[in-house]
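So in the numbering used here, spot 32 of the sequence shown is number 38, and the numbers just go up one at a time. The beta-carbon is built from N, C-alpha and C at its ideal position, and this holds for glycine as well. Fair warning: this is a prediction, and the values are worked out from it, not measured in the lab.
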Amino acid sequence: MTTDTMNITIEKAAVSRVGEVDFNVLPFGRMFSDHMLVADYKDGVWHQPVILPYNKLAMS
Numbered sequence: 007m008t009t010d011t012m013n014i015t016i017e018k019a020a021v022s023r024v025g026e027v028d029f030n031v032l033p034f035g036r037m038f039s040d041h042m043l044v045a046d047y048k049d050g051v052w053h054q055p056v057i058l059p060y061n062k063l064a065m066s
């Protein structure tokens, strides 16, 4: 078995919303992370992922 590793670029959110979260009540689909992982998929291959501040998810 082989394992490939890669460096992932991280762009931190300017402001965290973690203080607004009640961790005792986390309704599914209502609370979102401050960040999201984005990667392009072209010609059957995933390309370099990046972690970005939460935003609209673009699909093409």
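When you compare the CB positions of Glu17 and Val56, do they come within less than 8 Å of one another, or not? yes
Could you tell me the distance, in whole angstroms, from the CA atom of Lys48 to the CA atom of Thr11? 19 Å
Pro31 in three-state terms, based on DSSP: Pro is not the amino acid found at residue 31; the sequence shown has Val there. If DSSP states are grouped into helix, strand and coil, Val31 belongs with coil.
Same chain, Cβ closer than 8 Å to Asn61, five either side skipped, listed in chain order: Met42
Which residues bound the beta strand (DSSP E) around Thr59? With the sequence shown as reference, residue 59 is identified as Pro, and Thr is not the correct amino acid for it. Per DSSP, Pro59 belongs to the beta strand (DSSP E) from Val56 to Pro59.
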